[in-house]
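Heads up, the thing below is written out as structure tokens.
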Amino acid sequence: METTQTTNRRLGVVAIVVKNREESYSGVNEILHDYGNIIIGRMGIPYRDRNLSIISVIVDGTTDEIGAMTGKLGKIKDVSVKSMLTSI
Numbered sequence: 041m042e043t044t045q046t047t048n049r050r051l052g053v054v055a056i057v058v059k060n061r062e063e064s065y066s067g068v069n070e071i072l073h074d075y076g077n078i079i080i081g082r083m084g085i086p087y088r089d090r091n092l093s094i095i096s097v098i099v100d101g102t103t104d105e106i107g108a109m110t111g112k113l114g115k116i117k118d119v120s121v122k123s124m125l126t127s128i
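Taking the numbering used here, the leading residue of the sequence shown gets 41, the next gets one more, and so forth.
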């Protein structure tokens with residue numbers, strides 16, 4: 041039987057597009073650092089020709105934790121965030 045600790049947790053992928061790397065990237069990194077306890081791994085790809093960065097983040101946390109992180113990221117100027125979560 042599952043424990044309460046894992047019952048409400050979700051596994052997912054968060055996609056982040058940073059449209060103005062020079063101005064927005066440090067804010068994104070700060071938030072990701074703050075939520076390091078729910079981040080399993082991340083991969084960032086600079087798309088220099090379009091002055092973009094695309095970051096994929098694998099997360100394992102509650103919907104509240106993941107929602108708080110994505111909400112803060114989405115408030116940063118020139119940052120778009122989409123997430124896909126599943127329960128396992």
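In this text, a Cβ means the ideal position worked out from N, Cα and C, and glycines have one as well.
Going by the CB atoms, is the gap between residue 63 and residue 118 shorter than 8 Å? Position 78 of the sequence shown, counted from the start, is the residue given in the question as residue 118. Position 23 of the sequence shown, counted from the start, is the residue given in the question as residue 63. The answer is yes: Cβ separation under 8 Å.
Range of the contiguous alpha helix (DSSP H) that encloses residue 61: Residue mapping note: residue 61 aligns to position 21 of the sequence shown, counting from 1. Run containing residue 61: 61-74, per the alpha helix (DSSP H) assignment.
Length of the line joining the Cα atoms of residue 122 and residue 89: On the sequence shown, residue 122 is found 82 positions in, with the first residue counted as 1. On the sequence shown, residue 89 is found 49 positions in, with the first residue counted as 1. The alpha-carbon atoms of residue 122 and residue 89 are separated by roughly 22 Å.
How far does the alpha helix (DSSP H) with residue 104 in it extend, from its first residue to its last? Indexing the sequence shown from 1 puts residue 104 at position 64. Note, residue 104: alpha helix (DSSP H), 103-114.
In whole angstroms, what is the alpha-carbon distance linking residue 65 and residue 51? In the sequence shown, counting from the first residue as 1, residue 65 sits at position 25. In the sequence shown, counting from the first residue as 1, residue 51 sits at position 11. Roughly 24 Å between the two C-alpha positions.
Cα separation between residue 127 and residue 102? As a position in the sequence shown, residue 127 is number 87, starting the count at 1. As a position in the sequence shown, residue 102 is number 62, starting the count at 1. Rounded to whole angstroms, residue 127 to residue 102 spans 10 Å at the Cα level.
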